[in-house]
Each structure stands twice: as structure tokens, then as C-alpha cells.
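Colleague: In this note's numbering, the protein residues as written are -4 to 148. The beta-carbon is built from N, C-alpha and C at its ideal position, and this holds for glycine as well. Before we start, here is the structure in question, set down as C-alpha cells.
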């Protein structure tokens, strides 16, 4: 159950930040945080990562819904047998995906706002959850598991 609570907390954080930025800056608004490096640029993203599949709204909703459902089922079924090093990143991925899904269902697009000027794309808190979760999964899978005090091969 704690994993579901974390997923809902990530969703709430994502939605709260977007709500605040839309109220403060409005769609299309911008605020420089570190000149030439970081700004908040509130934009509408109709696609997924890097704006891909921008004309596939319903397909994205269906695929994301299936992915979130599969992740939640896996987390709930494996919560006692799977390593936390795997379950926590899966929780982050599910929470981030749910945040973007709620945007798509509520607004018809995703609100992005974090713009590092060294990176050509703008993203949001939910995207960070998904990306960090994916990196953590890769690390967890590559590291050996401890079993009975010894590393498994």
C-alpha cells in the first residue's frame, strides 16, 4: 500500500507545481531562474518525450493507461518478493506516468516548464520521475543481488 501512496504523492506534487506555475506565469509564461542556464517556460506538449507522437493523443492515453496499470499490478503482486531497488524506481515511473496521463485527460496535453538552456527540450516533474526511475532500474539490474550475505552471479 505504501507504494500506491507514493505514486499518489508524486501525482499530487506534479499537479500542484503545474497548477502554481499556470497561476503565476500562465501558459506561455517564462521566468529566468539562472540567466543563460535555467528558466521556467510554461508550454503545452502534445506528444511524449521530445514532442514525439504529438498527433497521437488517444493512443498515448491508452498506452500510458496500460503501462501504469501493468506497473501497479506488478508492484502490488511483487511488493514482498521483489527488491526495493526495483520497486521504488517502478513506483517513480508509475507516479510520473500518472502525472502526465492526468494532464492529457484533463487538458488534452502535458504542461512542461523546466528548461535547462544547455538541453534543447522543456520537461516537467513527472518526466523527472520517469527518467530517474528508468536510470535507477538500470542500475539495480546491473548491480549484483545479495543473497545470504554473498553476491549472486
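#1: Assign residue 117 to one of three DSSP states: helix, strand, or coil.
#2: Rounded to a whole number of angstroms, what is the C-alpha to C-alpha distance between residue 79 and residue 92?
#3: By DSSP, does residue 54 sit in helix, in strand, or in coil?
#4: Please say whether residue 121 and residue 103 have beta carbons closer to each other than 8 Å?
#5: Assuming residue 87 and residue 62 are in contact, meaning their beta carbons sit under 8 Å apart, how far apart are those beta carbons, in whole angstroms?
#6: Starting from residue -3, trace the alpha helix (DSSP H) in both directions and tell me its first and last residue.
#7: For residue 147, does the three-state DSSP call read helix, strand or coil?
#8: Tell me which same chain residues have a C-beta within less than 6 Å of the C-beta of residue 85, skipping the five on either side of it?
Modeller: The relevant details are as follows:
#1: Position 122 of the chain shown holds residue 117. Here residue 117 sits in coil by DSSP.
#2: One-based indexing of the chain shown puts residue 79 at position 84. One-based indexing of the chain shown puts residue 92 at position 97. Roughly 19 Å separates the two Cα atoms.
#3: Numbered from 1 along the chain shown, position 59 holds the residue referred to as residue 54. If DSSP states are grouped into helix, strand and coil, residue 54 belongs with the helices.
#4: As a working note, residue 103 is residue 108 in the chain shown. As a working note, residue 121 is residue 126 in the chain shown. Contact flag unset, no.
#5: If you number the chain shown from 1, residue 87 lands on position 92. If you number the chain shown from 1, residue 62 lands on position 67. With 8 Å as the limit, residue 87 and residue 62 do not qualify as a contact, their Cβ atoms being about 13 Å apart.
#6: Start at 1 with the first residue of the chain shown, and residue -3 comes out as number 2. Element bounds for residue -3: -3 to 19.
#7: Locating residue 147 in the chain shown gives position 152, counting from the first residue. Confidence at residue 147 is low in this model, with a pLDDT of 48, below 50, so the placement of that residue is unreliable and no value is reported for it.
#8: By 1-based counting over the chain shown, the position of residue 85 is 90. Contacts found: 66, 70.
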